[in-house]
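Student: Just so you know, we're using our numbering here: the sequence shown kicks off at 8 and counts up by one.
Even for Gly, the Cβ is constructed at its ideal location relative to N, Cα and C.
Pasting a structure below so you can have a look.
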Amino acid sequence: MTRRHWLSLLSAMGLASAARAADPAPPPPGTAPALTDVQWKQRLTPEQYRVLRHEGTEPPGSSPLNHEKRRGQFVCAGCELPLFHSDMKFDSGTGWPSFFTTLPGAVVTKTDFKLILPRTEYHCARCGGHQGHVFDDGPKPTGKRYCNNGVALKFVEAA
Ligand SMILES: [Zn+2]
């Protein structure tokens, strides 16, 4: 390899890592689909993009999924990974679709400090899309309340 090639390779690597650092919500390592921020923007509606990729929060009471009572699964609006079953849903009265547990391995959590008190945020385990926050004031048997943005989910009715 010539010196010139080596230098251009180094600068290409530099550009590649700068592009990665600019992505505001990179999916956790080893997950799919690995889309760029631009690709996500093209794939999602503006509100889905804001919530899933920039950890936004929809206005309470805005999602039709608040009133969804049919039997089926709630899947990630970004990659369609099933996150919740309708049996896990309960009416929390908060204005956001709420669940007392998730399907096994469906989400990963991290702590955010956007409000003064730390909150536990959770993401789709496959695409890294932000779903909502989990609190310790849910019903039995888990005592957990997964407070989910409805726009980050799609409902798939059981056949
Ligand atoms: Zn996903």
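(1) Assuming Ser99 and Arg78 are in contact, meaning their beta carbons sit under 8 angstroms apart, how far apart are those beta carbons, in whole angstroms?
(2) Would you check if the distance between the CB atom of Leu88 and the CB atom of Cys131 is smaller than 9 angstroms?
(3) Would you say the beta carbon of Gly136 comes nearer than 8 angstroms to a heavy atom of ligand 1?
(4) Any Cβ of chain B within less than 9 angstroms of the Cβ of His137?
(5) Taking 6 angstroms as the limit between beta carbons, can you name the residues of its chain near Asp30, skipping five residues before and five after?
(6) Mind pulling the beta strand (DSSP E) runs of 3 or more residues that sit fully within the region 83-143?
(7) Does ligand 1 have even one heavy atom less than 8 angstroms from the beta-carbon of Glu87?
Tutor: The structure says:
(1) Taking the first residue of the sequence shown as 1, we reach residue 99 at position 92. Taking the first residue of the sequence shown as 1, we reach residue 78 at position 71. That pair is no contact at about 19 angstroms.
(2) In the sequence shown, residue 88 corresponds to position 81, counting from 1. In the sequence shown, residue 131 corresponds to position 124, counting from 1. Going by C-beta atoms, Leu88 is nearer than 9 angstroms to Cys131.
(3) Taking the first residue of the sequence shown as position 1, residue 136 is located at position 129. The answer is yes for Gly136.
(4) You won't find chain B in this structure, because it holds only one protein chain.
(5) In the sequence shown, counting from the first residue as 1, residue 30 sits at position 23. Residue confidence is low: Asp30 scores 43 on pLDDT, short of 50, so the model does not pin down where it sits. No coordinate-derived value is stated.
(6) 89-92, 114-119, 126-131 and 137-142
(7) Here residue 87 corresponds to residue number 80 of the sequence shown, with the count starting at 1. Checking every heavy atom of ligand 1 against the Cβ of Glu87, one is found closer than 8 angstroms.
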